[in-house]
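Note that the numbering used here has the sequence shown beginning at 316, numbered continuously upward.
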Amino acid sequence: MKRNEIADKYKWKLEDMVPSDQEWEKLYDRIAASEEKVKSFEGKLSDKKVLLDCLKFNEELNELIEKLFCYARMRRDQDANEQKYVAYTDKAMGLINKVGTAGSYLDSEIASLDDKFLEKVIADPDFSDFDFMLKEIMRSKKHILSDKEEKLLSMSYGATGNYSEIFSMINNVEVPFPTVKTKDGDVKLTHGTYAVLAQGKDREVRKAAFDGLYSAFKSLINTICMTYAGSVKKDNFYAKARGYGDCLEKSLFADNVPVAVYENLIKAVDENADKLHRYIALRKKALKYDELHMYDLSVPIVDGASLSLSYEEAFELVIKGLAPLGKEYEGLLKQARDCGWIDVMENEGKRSGAYSWGCYGVHPYVLLNYSGTTHDIFTIAHELGHAMHSYYSDANNSQSKAGYQIFVAEVASTVNEVFLLKYLISTVTDSQLKKYLLSYYIDMFRTTLFRQTMFAEFEKIAHDMDLAGTPLTVDSLSNAYYELNKKYYGEAIVHDDNIRYEWARIPHFYNAFYVYKYATGITSAVNIVNGILTDPENGLKRYKRFLSAGGSDSPYNILKNAGVDLATSLPYEVAMKEFADTLALLEKEI
């Protein structure tokens with residue numbers, strides 16, 4: 316379907332952001348003209364008034380830059396066949412890089428200022444919009460080296476290798492994927508087709524896809540091992556160079572997250588692995604297999620159950636599911652539906668998938684490609700969770716404090732999914748559909764809490780091995796991963812030998828200690844939902860405080876203030892009880 320064939324009620328209104336292309340061109344010229352002013356503050360920030368003027372100007376400029384880029388990119392995303400917006404996006408990126416280079420001195424110059432001066436500035440009410448940013452710069456100062464040392468480190472970056480890019484090239488270009496025979500003909504294995512085949516009903520095809528995928532990675536395993544080992548050594552080198560205890564501490568420092576959060580997550584999941592073992596045994600029973608293999612983990616255990624709704628029906632269902640979030644939240648959902656926040660339908664040239672995005676000072680936007688599937692219904696709830704988080708963050712903070720960090724980015728979206736799931740599970744009358752929804756929820760836990768924590772534990776093992784002087788070889792890494800797989804999945808499944816090489820295909824490992832955030836995200840969401848259902852008045856107050864906090868504090872503190880202290884064991888106990896309770900419901904149904 317072409318975009319001009321879609322009714323306007325299903326299209327977002329980007330003119331709320333920038334009224335027209337002509338206005339976009341004027342905005343571009345205005346930003347381009349600011350370059351010299353950006354440079355004019357350099358070397359003068361020890362003057363309190365100059366510093367305030369600089370921060371205010373940069374805040375205003377960032378707001379304009381967001382509008383410039385978002386408008387161009389979202390016009391491109393709605394239909395990439397419109398080459399004008401492809402050009403707009405490239406043009407905007409070029410200008411953003413140019414202006415960013417002009418202002419690259421800002422953080423380092425502020426960091427060089429005297430602590431007593433910065434403390435006085437932070438205490439000054441005139442700087443209230445910037446106090447957290449300044450505190451964060453002060454906090455980082457102890458890991459900033461001398462000018463000579465910083466110059467030396469900066470010279471080393473190119474020489475120490477961009478291992479993420481090397482792996483990306485291997486993963487996307489070099490892996491020799493085979494062809495898999497199916498009843499519909501030969502299918503060339505790719506990352507995308509593997510995901511589809513892994514969920515297919517034909518077990519022989521699933522096995523062939525599994526073996527084909529890992530055989531392909533195994534053929535390059537020595538090269539991948541050297542690449543990952545280099546990445547780990549690089550991580551540990553820069554952590555030591557900047558005075559951190561280890562790379563884990565360095566990675567968590569950026570979000571000001573206590574190491575206890577990471578440690579408690581792994582400890583809690585390890586202690587509750589028996590619950591995942593129960594689910595694996597139930598999956599084996601549901602599929603009626605004598606032996607369950609690793610290539611049987613993605614196939615649905617419930618056949619012929621799904622929701623198929625029009626967009627209007629789906630949205631009403633989402634509103635009902637999110638009713639515990641209150642009337643104000645419901646009103647915002649309806650506003651999103653009725654006032655041009657959402658681009659609903661697929662059209663030729665439109666970006667695939669879904670996202671929520673936008674810029675400060677304008678309502679958030681949501682891109683969908685709605686086709687009526689169960690997954691699409693949950694996507695509406697998920698993306699509106701992101702949108703509402705942005706709405707409340709922007710409404711309650713200045714531009715410099717509005718942006719929330721990745722650590723909390725998936726919490727609000729997962730809260731919405733959990734509420735919708737719990738509503739459906741409690742109201743559907745079709746037994747097959749109920750089983751499907753229960754298994755859907757359990758697999759959220761399996762893939763997001765258990766699996767991502769297993770990845771997180773592997774990362775820590777690999778980095779600790781390197782620190783201890785243990786060589787990172789194919790055998791040492793693969794054996795460590797294989798033992799983790801056995802610990803997490805238990806004895807009810809056959810641990811196919813090829814699974815020992817799964818670590819070799821995970822791109823997130825080249826961004827050290829990132830994946831744990833998925834696990835803490837679902838843990839936080841389940842706790843927030845539980846808090847609202849247990850004590851609606853206070854639970855909602857805490858949640859609205861979370862949504863409204865934006866980036867005004869560390870994400871750990873923001874969650875703690877919302878009643879979720881991830882440095883303690885309680886949030887994980889709540890999440891594991893939810894998993895066990897849901898599993899018990901499914902066990903009764905199967």
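Ideal placement from N, C-alpha and C gives every residue a C-beta, glycine not left out.
Mapping DSSP to helix, strand and coil, what is residue i?
i, result
"VAL333", "coil"
"THR788", "coil"
"PHE503", "Rather than Phe, the amino acid found at residue 503 in this sequence is Lys. LYS503 falls in the strand class under three-state DSSP."
"VAL743", "coil"
"TYR610", "helix"
"TYR680", "strand"
"TRP818", "helix"
"THR883", "coil"
"ASP462", "helix"
"SER419", "coil"
"ASP896", "helix"
"VAL844", "helix"
"ILE616", "coil"
"VAL574", "helix"
"VAL520", "helix"
"ASP658", "strand"
"VAL726", "helix"
"VAL809", "strand"
"PHE828", "coil"
"GLU397", "coil"
"MET769", "helix"
"ASP444", "coil"
"LYS317", "coil"
"ARG666", "coil"
"ASP362", "coil"
"SER956", "The requested residue 956 is not part of the displayed model; the chain covers only 316 to 905."
"TRP339", "helix"
"GLY836", "helix"
"GLN714", "helix"
"ALA469", "Looking at the sequence provided, one finds Ser at residue 469 rather than Ala. Residue state, collapsed to three classes: helix."
Taking its Cβ as the centre, do 16 or more other Cβ atoms sit within 10 Å of residue i, making it buried, or is it exposed?
i, result
"LYS832", "buried"
"MET389", "buried"
"ARG345", "exposed"
"TYR751", "buried"
"ILE721", "exposed"
"GLY507", "exposed"
"ASN845", "buried"
"LEU467", "exposed"
"MET891", "buried"
"SER349", "buried"
"ASN579", "buried"
"THR883", "exposed"
"LYS775", "buried"
"TYR472", "exposed"
"GLY292", "Residue numbering for the chain in the displayed model covers 316 to 905; residue 292 lies beyond these limits and cannot be assessed."
"VAL723", "buried"
"LYS503", "exposed"
"SER483", "exposed"
"HIS778", "buried"
Rounded to the nearest angstrom, how far is the Cβ of residue i from that of residue j, given a contact under 8 Å?
i, j, result
"GLY805", "ALA588", "7 Å"
"MET660", "ILE905", "Between ILE905 and MET660 the Cβ distance is about 37 Å, and since that is not below 8 Å, they are no contact."
"LEU848", "PRO639", "6 Å"
"CYS540", "ALA827", "Not confirmed; about 16 Å, so no contact."
"VAL633", "ILE695", "5 Å"
"SER867", "PHE447", "6 Å"
"LYS565", "ARG557", "7 Å"
Along the alpha helix (DSSP H) that carries residue i, what are the first and last residues, could you check?
i, result
"TYR670", "Taken as a continuous stretch (DSSP letters only), TYR670 belongs to no alpha helix (DSSP H), being part of the beta strand (DSSP E) at 670-672."
"ASP868", "Per DSSP, ASP868 belongs to no alpha helix (DSSP H) and is neither H nor E."
"ASP590", "Note on identity: in this sequence residue 590 is Lys, with Asp being the wrong assignment. Run containing LYS590: 588-602, per the alpha helix (DSSP H) assignment."
"TYR478", "478-484"
"SER546", "536-556"
"VAL916", "Given a span of 316 to 905 for the chain in the structure shown, any question on residue 916 remains unanswerable."
"ALA702", "689-710"
"VAL490", "Run containing VAL490: none; DSSP gives neither H nor E here."
"PHE630", "626-636"
"GLN650", "642-653"
If I follow the unbroken beta strand (DSSP E) through residue i, where does it start and stop?
i, result
"VAL495", "494-497"
Does the beta carbon of residue i sit closer than 8 Å to a beta carbon anywhere in chain D?
i, result
"GLY473", "The chain inventory of the structure shown lacks chain D, comprising one protein chain alone."
| message | For the structure I just gave you, are there three or more beta carbon pairs, one from the segment 751-764 and one from the segment 656-670, closer than 8 Å? | response | no
| task | Report yes or no: do three or more beta-carbon pairs, one from the segment 487-501 and one from the segment 524-544, lie closer than 8 Å? | result | yes
| Does the count of Cβ pairs from the segment 872-892 and the segment 853-862 closer than 8 Å reach three? | yes
| request: Assess, as a yes-or-no matter, whether the segment 730-743 is touched by the segment 453-464 under the definition of 3 or more beta carbon pairs within less than 8 Å. | output: No, the segment 453-464 is not in contact with the segment 730-743.
| Counting Cβ pairs, one atom from each stretch, are 3 or more of them under 8 Å apart for the segment 378-392 and the segment 361-368? | no
| Would you call the segment 324-334 and the segment 639-659 in contact, with 3 or more CB pairs under 8 Å? | yes
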